[in-house]
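Under the working numbering, the residues of the sequence shown are numbered 973 to 1234, in order.
We put the CB at the ideal spot given by N, CA and C, even for glycine.
What follows is a short report on a single structure.
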Amino acid sequence: MTGKFSSIFLVQAVVLLATCVFAQQESKDAGVAIGIDLGTTYSCVGVMQNGKIEIIPNEQGNRITPSYVAFTAEERLIGDSAKNQLSMNPTNTIFDVKRLIGRQFSESTVHKDMKLLPYNIVERNTKPFISVNVKGMDRTFSPEEISAMVLGRMKKTAEEYLGQEVKSAVITVPAYFNNAQRQATKDAGTIAGLNVLRIINEPTAASIAYGLDKNAGERNVLVFDLGGGTFDVTLLTLDNGVFEVLATNGDTHLGGEDFDHR
């Protein structure tokens, strides 16, 4: 398990480095800003202080937090505590919500995921909503609301570390996210009480973290992103620090978690 955590953390850390840099650049008039890598299976948060990037550990001491939300008879759980009780409470434990955010209920990928996910997904206003039992009552939540709970936990983790309120953030998304998915992610940030300064492509962030934007002239860059739940390949063109996504493809069900299940 330690090896899997280490590999996922390294991937997210690379992406988060540039996200924190963007957050600092964008935060001149917004106070302290954090960078959040909102992952399919794990999320992490960081901040740039005194020229150094700090990837902030959660209350368990881990620098990655499971993107899980669970509802029990007594309380709502987020992160490690939510994931740890999945086997005992599968229908009320929500994860992989990044696969649903910004999508239409009619999309084939949503129906494929419905066959794999243990919780109940229903249609509300043409969109997929999650139906759970909360303290004896049936409730439905949008993917944005669930993502907001994870983002809210990242916000709280940063605030406890920094000892001050955090209002602004830069959030990563996959390069293949369309406008609806990007806007839905931004909406999730707003629900979490964050001013989302920028939505940044994960492969762009990875390229910047490796300093590829510092090279003069035009060049093509191929970025492989193997995460906890997805595998993406993105072709970027870079011209004097400006990135453009030329093509992206991948498998939304091929990642560390999938390796564990095979």
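In chain order, what residues of the same chain lie with their CB nearer than 8 angstroms to the CB of residue 973, ignoring the 5 residues before and after it? Residue confidence for residue 973 is low, a pLDDT of 45 falling below 50, so the modelled location carries little weight; the figure read from the coordinates is stated next. Nothing listed; no residue qualifies.
Use the C-beta contact count for residue 978: other C-beta atoms within 10 angstroms, 16 or more gives buried, fewer gives exposed. Bear in mind that a pLDDT of 48 at residue 978, under 50, signals an unreliable position, so the number given afterwards is only what the model happens to contain. Flag for residue 978 reads exposed.
Alpha carbon to alpha carbon, what distance is there between residue 1081 and residue 1088? Those two C-alpha atoms are separated by around 11 angstroms.
Going by the DSSP bridge assignment, what does residue 1206 pair with across the sheet? 1195, 1220
Between which residues of its own chain and residue 1062 is the CB-CB distance below 6 angstroms, once the five residues before and five after are set aside? Cβ-Cβ distances below 6 angstroms link residue 1062 to 1090 in the same chain, with the five nearest sequence neighbours on each side left out; the list follows chain order.
In angstroms, rounded to a whole number, what distance separates the CA positions of residue 1041 and residue 1123? 11 angstroms
Local Cβ density within 10 Å of residue 1127, reported as buried at 16 or more and exposed below that: buried
Please report the straight-line C-alpha distance between residue 1073 and residue 1175, rounded to a whole angstrom. 19 angstroms
Here's the rule: buried if 16 or more other CB atoms are within 10 angstroms of the residue's CB, otherwise exposed. What is residue 1157? buried
Taking C-alpha atoms, which residue in 1151, 1137, 1194 lies nearest to residue 1167? 1137
Supposed close pair residue 1226, residue 1196 - CB separation, criterion 8 angstroms: That belief does not hold up - the Cβ atoms of residue 1226 and residue 1196 are roughly 12 angstroms apart, past 8 angstroms.
Minimum length 3: unbroken beta strand (DSSP E) runs contained in the stretch 1109–1139: 1109–1113
Is the Cβ-Cβ distance between residue 1053 and residue 1013 less than 8 angstroms? no
Should residue 1049 be labelled buried (16 or more other beta-carbon atoms within 10 Å of its own) or exposed? Under this definition residue 1049 is a buried residue.
Residue 1009 in three-state terms, based on DSSP: strand
Under the assumption that residue 1147 contacts residue 1098 (Cβ atoms under 8 angstroms), give the Cβ distance between them as a whole number of angstroms. Not really, about 25 angstroms apart at Cβ, beyond 8 angstroms.
Give the secondary structure of residue 1107 by DSSP, where H, G and I count as helix, E and B as strand, and everything else as coil. coil
Using a threshold of 8 angstroms, state whether the C-beta atoms of residue 1006 and residue 1018 are closer than that. yes
From 1209, 1043, 1139, residue whose alpha carbon lies closest to that of residue 1219: 1209
Are the beta-carbon atoms of residue 1025 and residue 1130 separated by less than 8 angstroms? Pairing residue 1025 with residue 1130 gives a Cβ-Cβ distance that is not under 8 angstroms.
Thinking just about the alpha-carbon of each residue, which of 1004, 1011, 1003 is nearest to the one in residue 1144? 1011
Apply the 10 Å Cβ neighbour rule to residue 1020 and answer buried if 16 or more other Cβ atoms are within range, or exposed otherwise. buried
Short check: CB of residue 1169 to CB of residue 1142, under 8 angstroms? yes
Residue(s) in a DSSP beta bridge with residue 1038: 1014
Mind checking whether residue 1154 and residue 1180 have CB atoms under 8 angstroms apart? Going by C-beta atoms, residue 1154 is not nearer than 8 angstroms to residue 1180.
Roughly how many whole angstroms lie between the Cα atoms of residue 1120 and residue 1183? 31 angstroms
Whole angstroms are fine: how far does the CA of residue 1083 sit from the CA of residue 1152? Between residue 1152 and residue 1083, the C-alpha separation is close to 18 angstroms.
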